[in-house]
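Counted the way numbering that gives the first Met the number 0 counts, the sequence shown spans residues 0 to 491. The next block holds one structure in the form of structure tokens; read it before the comments.
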Amino acid sequence: MNKIFVSAFFTFCILFSIISTSGNNLLINDSKTNEIIMDDLIGYFGIGNTVDCWLYEFELNAPGDKTCTCNEGFVTFVKSGSWTNYGNIIAFLTYNGNSGFVEIDPISCNVNFICDTTRNFNSLAYDHINDILYGSSDNNYLYKMDLETCEQEQIGPFGGGVLYMIGMSFDSEGVLYGWDLGNDALWTIDTETGEATQVGHLGISINYGGDGHFCFENDILYISANTGVGMCLYECDEDTGACSFIGCFGEDTYSNLLAIPYECIDTTPPKTTISFNPPEPNGCNGWYTSNINVTLNATDDISGVREIHYKVADAEWEIFYGNSIVITLDYDCLEDGLIEYYAVDFENNVEDTNSFCCIDIDQIPPDLSLTYEVLGWSPFKGWEFQFTGNGMDNCSGMDRVEFYFNNELQETVSGSGPEYVWTLFYFPIHGAIFRVTAWDQACNFASLEVKGSDISSHFKSNSITRYSNNIWVKWFLYRFQNLEVFLREMTF
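Here it is as structure tokens:
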């Protein structure tokens, strides 16, 4: 058998006196990320009747040969614990009549309080594949816990055959096992329903106290239990439940927590978030009218992010080596643009492909042209003019055309175009300005202006040609041969 070190957390049947509160959240410990604790695996348990040491290391095949790892700063009654992917131990404890969760750093010996709970748990088990903590309660139910928020979700009962599930642990493949006090039996537990199925009897009579943990190197379950000859270590077959004696921890030893570290096995893919700048479309109707900076940020708290794969619109897939990238979308026109992306960590865990749709960009104003003509004349209304705006937009599409006279809106013609018509009667005035503004669906616009003086230069000849058969119009035009000069003088 390879030399495998285990530490055990010896707990004392006295109340907690000192807890470091340097941290509040569990799964946020950058100093431990990706760190392998030792070349040989270690674990933890506790001792009674002395406060000289609360964290011990020992060999799995020689539990009596223990070495103190931590001896200051933490004394309490710990009921159970589990090793995590973050290089630390999650533990459930009771202190001063209260209960709560802590994380224990086996290197620094820091103990960080996480949160209180009113529920009593007999055992904890950390799912290293899905990064979830589970617990068995006094009322024989399985719970799932979020230690960032301290929320606890009741999953379901173990079933009538289980009598006080005193210990639980996941094997290397993510199967949850538990052992109960009343039957001295090993069970598999469905993490979706909580239902337990008996594997077989342990072959030993366990009492209160003790804990257990799988060693992922050989997928053997190790249980610390008080079987009447003291607190001893057993190895148990996950296929049959049968346990065999290894050795005892020594006199005055009482272990409620047993944790066997592993080499930070990473089976969880990274997670990538996407954000935009501008954060929301800055045009109309869901359209952007500027470049967009797209940020892809991938996280992986275990092995780390190696690369991000991304694809924009109809382009080819690209690879960025790192955990965060800013992509600039500088399209003049992009409709229903799709961004696809995923990350890969250093253990080759691949995230499912994410997609974001739809991105619409229109940075091009409409094409606008303007024509005008004289339709007639009335001595009471003035000259009848017709302005025709021709608007085209091949990206977001046309929305409307607005007609202004001396900066005051006179008419709005909505629709997809391309022709927009405005008719008015007009007595020439000094400094008159006509303006036409075309808007697309994204709220890009283009404008053209016409001065009254520009109109007058074409007015006389166009009118004589158009109304050559109207004797009264011809008479008026020829009667006032200096009309063009008149209009120019009036409109400058």
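Beta carbons are placed, not taken as given, at the ideal position from N, Cα and C, and that holds for glycine. All values derive from a computational prediction rather than experimental measurement.
Span separating the alpha-carbon of residue i from that of residue j
| i | j | result |
| --- | --- | --- |
| D189 | L175 | 7 Å |
| P364 | V449 | 20 Å |
| D565 | S323 | This structure cannot settle anything about residue 565, because the visible part of the chain is limited to 0 through 491. |
| G336 | D351 | 20 Å |
| F433 | I358 | 37 Å |
| C283 | Y425 | 35 Å |
| D398 | D300 | 49 Å |
| S79 | I360 | 56 Å |
| L123 | W82 | 10 Å |
| T267 | E306 | 15 Å |
| K65 | T196 | 35 Å |
| T272 | S254 | 43 Å |
| V5 | I259 | Low per-residue confidence applies at V5: pLDDT is 46, beneath 50, and the placement is therefore not dependable enough to give any value. |
| G166 | C214 | 15 Å |
| G246 | N347 | 40 Å |
| T192 | T116 | 23 Å |
| L132 | A184 | 22 Å |
| Q52 | E102 | Just to set this straight, residue 52 is Cys in the shown sequence, not Gln. Those two C-alpha atoms are separated by around 18 Å. |
Strand pairing of residue i, partner residues [DSSP]
| i | result |
| --- | --- |
| H212 | Y221 |
| R118 | R118 is not bridged to any residue. |
| K450 | I432 |
| W421 | F386 |
| E306 | Y320, V343 |
| I188 | L175, A195 |
| K65 | F57 |
| G246 | L232 |
| T272 | N296 |
| T327 | N292 |
| N97 | Y94 |
| Q153 | Y142 |
| E407 | F404 |
| A124 | Y133 |
| E372 | Q385 |
| E147 | Paired residue(s): none; E147 is not in a bridge. |
| W438 | R399, F444 |
| Y287 | I360 |
Cβ pair residue i, residue j closer than 9 Å
| i | j | result |
| --- | --- | --- |
| L257 | I222 | yes |
| F157 | G177 | yes |
| G375 | P427 | no |
| F355 | I338 | yes |
| T370 | Y419 | no |
| A342 | G390 | no |
| L59 | E317 | no |
| S395 | Y261 | no |
| D525 | N84 | The structure shown does not extend to residue 525, since the chain is modelled only from 0 to 491, so the question has no answer here. |
| I219 | E194 | no |
| G211 | A241 | no |
| D344 | G303 | yes |
| L162 | G181 | yes |
| N225 | G249 | no |
| F100 | C114 | yes |
| S289 | N281 | yes |
| Q362 | T422 | no |
| T252 | G229 | yes |
| F120 | Y142 | yes |
| Y287 | K310 | no |
| V435 | E401 | yes |
Exposure of residue i, with buried meaning 16 or more beta-carbon neighbours within 10 Å
| i | result |
| --- | --- |
| S462 | Residue placement at S462 cannot be trusted, given a pLDDT of 49 that sits under 50; the coordinates are not used to answer. |
| Q153 | exposed |
| P269 | buried |
| D179 | buried |
| L408 | exposed |
| N87 | buried |
| P278 | exposed |
| V77 | buried |
| D392 | buried |
| A314 | exposed |
| S168 | buried |
| V349 | exposed |
| R244 | In the sequence on display, residue 244 carries Phe and not Arg. Classification of F244: exposed, given that the 10 Å Cβ count is below 16. |
| E56 | buried |
| P378 | exposed |
| E71 | exposed |
| H429 | exposed |
| T148 | exposed |
| T68 | buried |
| V325 | exposed |
| G451 | buried |
Near the ligand FMN: residue i beta-carbon under 8 Å from a heavy atom
| i | result |
| --- | --- |
| A195 | With respect to the ligand FMN, the structure offers nothing, as it holds no ligand at all. |
task = Count the C-beta pairs between the stretch 324–338 and the stretch 402–418 that are closer than 8 Å, then say yes if the count reaches three, no if not.
result = The answer is no - the stretch 402–418 does not touch the stretch 324–338, with fewer than three Cβ pairs under 8 Å.
message = Using a Cβ distance threshold of 8 Å, determine whether the stretch 101–112 contacts the stretch 287–306, with at least three qualifying pairs required.
response = By the C-beta criterion, the stretch 101–112 is judged not to be in contact with the stretch 287–306, since fewer than 3 inter-stretch pairs fall below 8 Å.
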